[in-house]
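Step one of this worksheet: look at the structure below.
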Amino acid sequence: MTDLAYSSSELMCINAAHLLRDGDVVFVGVGLPNLACNLARRTHAPNLQLIYEAGVIGARPSRLPLSIGDPTLVSGASSVCGMFDIFSQYLQRGNVDVGFLGGAQIDKFGNINATIVGSDYQHPKVRLPGSGGSQEIAGWANRCYIITPHQKRRFPEKVDFITSAGFLGGRAQRAATGARGGGTLMVVTNLGLLEPDENGELILTALHPGCTLEQVQENTGWDIQVAESVRVTDKPLASELTLLREELDPGGIYLKGS
Amino acid sequence: MTKICSLSEAITTYVHDGDSVFCAGFTHLIPFAAGHEIIRQGKRNLTLARATPDLIYDQMIAAGCARKLIFSYIGNPGVGALRIVRQELESGRLEWEEYSHFGMISRLQAGAAGLPFMPMNQTAAPDLEKNNPNIRRVKDPYSEQELITVPALNPDVGIIHVQRADKNGNAQVWGILGEQKEVAFASSKVIITAEEIVDEDIIRSDPNRTLIPGLIVNAVCHVPHCAHPSYTQGYYDRDNVFYLNWDKISEERTSINTWLDEWVYGVAGAEEYWQKLGAETHARLSVKPRFAAPVNYGDY
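Residue numbers (our numbering), protein chains in the order written: chain A, 1 to 258; chain B, 259 to 558.
Quick look at the structure:
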């Protein structure tokens with residue numbers, strides 16, 4: 001029998017999987033996004049097309065990839081191309097439906113900081129990894145989803161550095177740049193789901209079972225608004241937990257803890 | 259004419275103090291043995307460029323080879339931070355230039371195509387552009403829309419590891435292709451390291467697989483296991499354990515120096531390094547074969 005108690009990583013992963021539609025072309029990152037995509041492919045979205053920034057299309061990883069360029073991504077994939085092609089012909093051309101993103105900070109308008117903590121780029125308090133592929137994924141994927149634990153330091157009102165664009169200062173500002181993608185459409189946290197309102201500001205639209213509005217308010221760095229009706233997300237199913245624990249991440253590398 | 263020489267000879271001949279160097283490979287085929295040879299030869303003031311500096315540049319920077327880093331993501335892939343690079347950037351000891359992956363790869367594409375710059379569509383993200391004066395804008399002469407541009411990157415030396423090459427430098431690669439081809443065409447001098455040196459007939463039996471033509475190659479070095487702890491598709495797996503271990507090793511200057519003494523300065527080259535890893539590691543990294551179906555080119 002599967003233990004129905006779940007970790008916050010499992011909860012976020014399963015909720016992220018539910019955002020994927022069958023047939024979506026997804027630009028996948030390692031860690032939770034990879035697990036979410038493979039969970040969706042094994043359940044409700046068998047025709048999901050997984051694309052990895054290393055230049056792999058239609059990947060069917062048979063083991064858990066531990067890096068973005070793991071050789072298991074290549075075995076049995078439908079195509080492999082160079083990085084210039086994956087970013088230009090797939091992402092820039094508009095052939096990617098979904099991008100998953102994370103970052104050290106996410107702000108009120110879904111902008112992401114993965115570059116520095118502090119206000120001076122030349123002399124940062126903390127130097128973070130930088131954009132990698134996220135600037136283009138956030139700019140050009142049709143739908144972007146962010147997976148992140150809900151902590152106050154991760155949700156400031158304004159990020160220190162916009163590495164990847166959400167709605168900048170509001171939907172009109174993003175639209176004015178001409179960036180083709182739809183922007184941040186959902187933030188999945190361990191407490192609930194945030195979605196942009198008509199102005200692009202993230203508001204609480206769902207709580208996970210047992211989580212409260214107060215917890216969300218305490219762990220958000222701005223006065224977060226709440227949708228008129230806040231729904232409660234589905235509890236993770238035993239079948240989803242079993243698939244994650246026994247087949248997709250049997251070592252608990254990404255799913256253990258918290 | 260054969261371009262075959264030892265890796266040590268190739269580094270001596272083509273890598274000079276102050277050069278810009280691009281050790282290619284996105285997670286796959288990273289030429290660690292060449293990085294280690296550069297360390298052993300005590301090269302200094304290099305400008306190192308890679309999308310992901312990976313452990314190879316963390317090690318080269320720790321050994322004092324670099325003056326400047328050009329990058330788009332500084333993490334230990336799958337593990338966490340790249341400690342040395344991060345400390346050197348935070349302390350201001352290392353100069354840097356930063357791009358997104360696509361910005362970085364577009365610089366190479368421009369360099370490889372003989373163009374002065376490459377245009378890209380806007381991503382709406384403003385801050386890297388604000389802080390890097392090399393990221394500029396140009397007006398599309400057809401639609402009047404503003405595009406982002408990055409300048410060509412033409413490294414002095416490109417080092418590219420491949421599965422197999424012939425003595426003329428015709429190099430075949432399979433698996434993740436990263437920026438291998440663009441680095442080769444963009445660089446002034448090209449060093450190929452290969453798991454296997456094969457007869458020209460083998461290359462000619464499958465010309466579509468030749469990613470880099472010998473005509474742009476300066477040196478071909480036979481370096482089996484060159485990519486460890488990264489990997490070579492079909493030859494050996496990525497040593498994820500070492501990537502995790504490096505996170506510990508790189509915590510302290512003393513443990514880094516001990517590691518460099520033992521694994522870089524203390525060995526003559528890639529062969530001795532690989533043997534030193536031992537049978538257990540060799541067995542752990544071995545991969546079962548999985549062959550592609552042969553294709554028929556026709557006999558014309």
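Quick reminder that beta carbons are idealized off the backbone N, C-alpha and C, glycines included.
Neighbours of HIS286/B across chain A, judged by C-beta separation under 8 Å: ALA54, GLY69, PRO71. Taking 9 Å as the Cβ-Cβ cut-off, the region 301–332 of chain B approaches chain A at ALA309, THR310, PHE329, SER330, TYR331, ILE332, given in chain order. Taking 7 Å as the CB threshold, LEU50/A stays off the interface with chain B. Within chain A, the C-beta atoms nearer than 9 Å to that of LYS439/B come from GLY82, PHE84, in chain order. Taking 7 Å as the cut-off, the beta carbon of HIS294/B is found no closer than this to the beta carbon of VAL441/B. For a Cβ distance threshold of 8 Å, nothing in chain B lies close to THR184/A: the least Cβ distance comes to about 11 Å. Beta-carbon to beta-carbon, PRO487/B and LEU313/B are separated by about 7 Å, close enough to satisfy the 8 Å threshold.
For MET83/A, the three-state secondary structure derived from DSSP is helix.
Judged by DSSP in its simplified three-state form, VAL553/B adopts coil rather than helix or strand. Taking 7 Å as the CB threshold, ALA383/B lines the interface with chain A. Annotation: ILE297/B to ASN515/B spans about 12 Å, alpha carbon to alpha carbon. Counting every other CB atom within 10 Å of its CB across the protein chains shown gives LYS256/A a total below 16, marking it as exposed. Interface flag for ARG344/B against chain A is set, since a Cβ pair is found closer than 7 Å. At a cut-off of 7 Å between beta-carbon atoms, HIS486/B makes no contact with chain A. Residue contact check for ILE474/B against chain A: no CB pair falls below 7 Å. Look at GLY472/B here: in three-state DSSP terms it is helix. For PRO129/A, a Cβ of chain B is located within less than 7 Å of the residue's own Cβ. At a cut-off of 7 Å between beta-carbon atoms, SER119/A makes no contact with chain B. Going by DSSP, ARG143/A is part of the beta strand (DSSP E) stretching over 143–147. Excluding five sequence positions before and after ASN476/B, the CB atoms of its chain that fall closer than 7 Å to its own CB belong to LYS261, TYR272, LYS447, VAL448, ILE449, given in chain order. When beta bridges are read from the DSSP output, ARG127/A appears opposite ILE116/A. The C-beta of GLU136/A comes closer than 7 Å to at least one C-beta of chain B.
In the same chain as PHE87/A, and ignoring 5 residues on each side of it, the C-beta atoms closer than 8 Å to its own belong to GLU53, GLY133, GLU136, in chain order. When ALA368/B, ILE328/B, GLN299/B, GLY427/B are compared, the shortest CA-CA separation from ILE461/B is found for GLY427/B.
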